[in-house]
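Scroll down for the structure; my scribbles are underneath it.
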Amino acid sequence: MAASVLLPHIQNVRIPTSGDKVYKDECVLCFDSPESDNGLYVCMSSFLGFCRKHVESYFSKTSNSLFLHLKRYKREVEEKQVNEAPTKLAIGLEGGFDVTGKKYEYDDVNSIAVLPDFHVISLPCPDLPESVQISIASILEIDAASIQEEADAMAGTWDGMQREVTKHANTLVQLENGVKIPPKDWQCQECGLQENLWLNLTDGAIHCGRKYFNGQGGNNHAVQHYEKTKYPLVVKLGTITSEASDVYSYDEDSMVVDPNLAHHLAHFGINIKDLQKTDKSMVELEIDLNQRIGEWAVIQESGAKLVPLYGPGYTGLENLGNSCYLNSVMQVLFNIPDFRKCYFEKCNDIFDEGLLGAPKNFNVQMAKLGYGLWSGEYSKAPETIKDSQEQTQEIPGIKPRMFKSLIGQGHPEFSTKRQQDAQEFFLHLISVLERNSRHRENPADALKFEVEERIQCSTSKKVKYTCRTDYLLSLNIPLEAATNKEDLEAFEIKKQEILSKGERVKPDEVVKPRIPLQACLENFASIEAVEDFHSTAINAKSTALKTTRLHTFPDFLMLHLKKFTIGDDWVPKKLEVSLDVPDELDLSVLRGKGIQQGEEELPEISNEFIYNEALLYQLCDMGFPLDGCKKALYFTQNEGIDAAMNWVMEHMNDADFNTPLNIPGSAKSSSDFIADPEASVTIMSMGFSPAQAAKALEATGNNLERAVDWIFSHSEDMETDASEPQPEVRSQFRDGSEKYKLVAFISHMGTSTVAGHYVCHILKEGRWVIFNDNKVALSENPPKDLAYLYFYKRITLP
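In the numbering used here, the protein residues as written are 1 to 798.
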């Protein structure tokens, strides 16, 4: 019976290989999982996973009919009943870690579903064709795509940092002591421990690793051996394969790459080709550790009885290992109506357009996140448990795994496991939004504004106005503007007395400088002196005065308080300050008005450089090539023959000395330039015209990565062929009243942007709400004075 039902579709069944991604932990279009009421349907051809609602849309587009239906039932058990350690690196899967802080047992009820009628074939079923049985077994066995992508992102890294080749690769001394390492039954030579073992590549000694903060791991015998011998390199036994191994360098204090590892291991009789991985790598242990830490996240308003909130707009986000910066920024942005309109209200249209490439489609993953946060499907009030005190069950937040993987893809920082700066992530997200909104509305337009800079030459009194685009207003914090100087002086005296006694200052005794936000704004608006200013009015160096204003005011204004700075000792530090932040701001004094009556503009600099013919003749007469002589005059600005000669002598061996000079912005013929075809296609796939792609590649020497950056930074003044159809021109900047109301802020706890924790507070329905990763609750004491990013809304907006 089963065979007859499957026969028409069996040719589409595939067996996943190591190169395939199997999306079996959640729907690629929403956050339903095998534990959801209707389970998850995994296509046995593409290995994409869908909920009951979205699998029908997928079938209508592809006609793929066979799905492995995964349904999981979990029940809470007493902790004493669960004694076994996790059996594999599979978060949220059987044998892996659960992130709720409770212990569960799981019952998996799997079947085959044949669409469109959802015909069910229960498993196990001995009548199934062999290819189908192998496909099912492989889908169930292979790690979920989210785990693979996380491990891939960290491949060759530890704690998200790229591993460098060790300096000992070619100079490592290996003792001729006759030591040969057996293929199994390893143990620490000091304590007999049989796990977390490290082989020293100099003398072949085997010792246990460091003790972890939770008491597990080893007994520090490997590091103690290094301290005695200074033999630097060790490799973790059980992780050695021909593809990768965990190698640590003690004197470099880092995980490293040893390109000669096979040779170094052969010294001890180890054939790397015969080894299979039997222990978790440091990357996998990092993933495990992050999952366990996520179980113990706490609400930052400790000591207060916070009331949990549920429903649309009150959905929490799980911390996927140092992703709190992402969680806070996305919660704030999706409280902007433009973002909800673009990605939540239109999510079904976006899903339909990008369904087949959903995991790698930015707009789809933004829509998925918007649906998860604002549909209310994943933030339903749980049942209450009544005993001596009424308690409310904690519900897990949604896990933005696909979004985090996609937004960080290819980025040197956001693809890692390190904590990141929320402000930098905000700007990175804005950049990605720009790239993916060429043919659709960009919700970030609600945040975009123009900054106006006015420069006045002190000698000629002539002025120049320029405008640039920005998405946040960065403000310095003037410590000299503290309003509690007497308290600070008294605290400093008290602090010295405490330290003189060998005691430590208690946190609740610390007095922070209290700085009015108004002082930060006044500092931004103050006049700045510009030294060594080249004045085009007098064609010489002068001084100038610069003032900065806002040319337009956006619907939503993000203020960035520069709390992270560099100390006098060049050590990065965080300014521990308390800010007096008003709920309402009137920024009228920051309004830029452009050139005023009676002001005279500085003359524009001509991009056409005129060579001094006499100097050019002299240089060429000395036997130097014409193009090299032109460069000498250009880079010395026709200063004289001595300056030009000195330049020639310094640069005559440069590879491009005798190539034509390309003066930025000068009129030139581009008929000889040929754009790289593959790079052109890549840029045009982002929505740009062939002329725009060619212009960007010409400006960057056919460097694709630089061309992409260039094209976005010059999007406002790029010229295209008039014969080509031009996209509809939309107003880029919104403008209106300068009066704003505080509606959200993001706070950072810790001493550095690469450590600590981010939490956001959002004003919703007239009350402040705290979003601390997956925990969403009514805020009792919103710490407005300690925030890092402040988010204001124009008062006249609905």
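Glycine included, each C-beta is placed from N, C-alpha and C at the ideal position.
Query	Result
Element boundaries [beta strand (DSSP E), containing His9]	From DSSP, His9 is part of no beta strand (DSSP E); its letter is neither H nor E.
Cutoff 6 Å; reference Ser723; Cβ partners in own chain excluding five residues on either side	With a pLDDT of 40 at Ser723, under the threshold of 50, the modelled position of that residue is not reliable, and the figure given next carries that caveat. Counting only Cβ-Cβ distances below 6 Å, and skipping sequence neighbours, we find nothing.
As assigned by DSSP and simplified to three states, the class of Ala378	For the record, residue 378 in the displayed sequence is Tyr; it is not Ala. DSSP places Tyr378 in coil when its eight states are reduced to three.
CB contact flag (Gly39, Lys71, <7 Å)	yes
Helix, strand or coil at His54 according to DSSP, with G and I counted as helix	helix
Host alpha helix (DSSP H) of Asn348 (start-end)	Cys347 to Gly354
Cys520 - DSSP class collapsed to helix/strand/coil	helix
Candidates Ser500, Lys695, Asp785 and Ser680, of which the one nearest Asp583 by Cα	Asp785
Alpha-carbon to alpha-carbon, Ile770 and Glu390	Any reading at Glu390 must be qualified, since the residue scores a pLDDT of 44, below 50, and its modelled position is unreliable; the value itself is stated next. Between Glu390 and Ile770, the C-alpha separation is close to 22 Å.
Terminal residues of the beta strand (DSSP E) in which Trp768 lies	Arg767 to Asn772
Of the listed residues Asn646, Gly628 and Cys188, nearest to Pro660 (C-alpha basis)	Gly628
Cβ-based neighbour list, Ser323, same chain, cut-off 7 Å, excluding 5 preceding and 5 following	Lys404
C-alpha distance - Asp555 paired with Ile795, whole-angstrom precision	9 Å
Coarse secondary structure for Asp108, derived from DSSP in three states	strand
Tyr231 - DSSP class collapsed to helix/strand/coil	coil
Rounded distance between the beta-carbons of Ala707 and Ile746, thought under 8 Å	Not quite, the Cβ-Cβ distance comes to about 33 Å (not below 8 Å), so this is no contact.
Distance between beta carbons of Lys541 and His534, contact taken as under 8 Å	6 Å
Assigned secondary structure, Val332 (DSSP; H/G/I helix, E/B strand, else coil)	helix
Alpha-carbon to alpha-carbon, Glu195 and Thr202	21 Å
Own chain residues within Cβ distance below 6 Å of Val729, not counting five before or after	Note that Val729 has pLDDT 36, beneath the 50 cutoff, so the model's placement of it is unreliable and the number below is only indicative. There are no such residues.
Rounded C-alpha distance that separates Leu488 from Gly321	37 Å
Cβ pair count under 8 Å reaching 3, the stretch 422-442 against the stretch 462-473	yes
Contact belief for Tyr790 with Leu429 at Cβ below 8 Å, rounded distance in angstroms	The pair is not a contact, with the Cβ atoms about 18 Å apart (cut-off 8 Å).
Where the beta strand (DSSP E) containing Cys620 begins and where it ends	Element bounds for Cys620: not the beta strand (DSSP E) but the alpha helix (DSSP H), Glu613 to Asp621.
Coil, strand or helix - Lys793 by DSSP	strand
Assumed close pair Phe59, Pro116 - CB separation to whole angstroms, cut-off 8 Å	6 Å
C-alpha gap between Gly372 and Val28, whole angstroms	12 Å
Trp647 (DSSP reduced to helix, strand or coil)	helix
Length of the line joining the Cα atoms of Gly701 and Asp676	9 Å
Contact the stretch 134-150 vs the stretch 1-20: 3+ CB pairs below 8 Å	yes
Given 8 Å, three or more beta-carbon pairs between the stretch 754-769 and the stretch 332-339	yes
Length of the line joining the Cα atoms of Ile240 and Ile272	7 Å
Cβ shell of Cys347 (< 8 Å), same chain only, five flanking positions each side left out	Ala367, Lys368, Gly370 and Tyr371
Alpha-carbon spacing of Gln518 relative to Pro603, whole angstroms	36 Å
Residue interval of the alpha helix (DSSP H) (run including Ala137)	Glu130 to Glu141
Integer Cβ distance of Lys21 from Leu355, believed to fall under 8 Å	Not a contact, Cβ separation roughly 16 Å.
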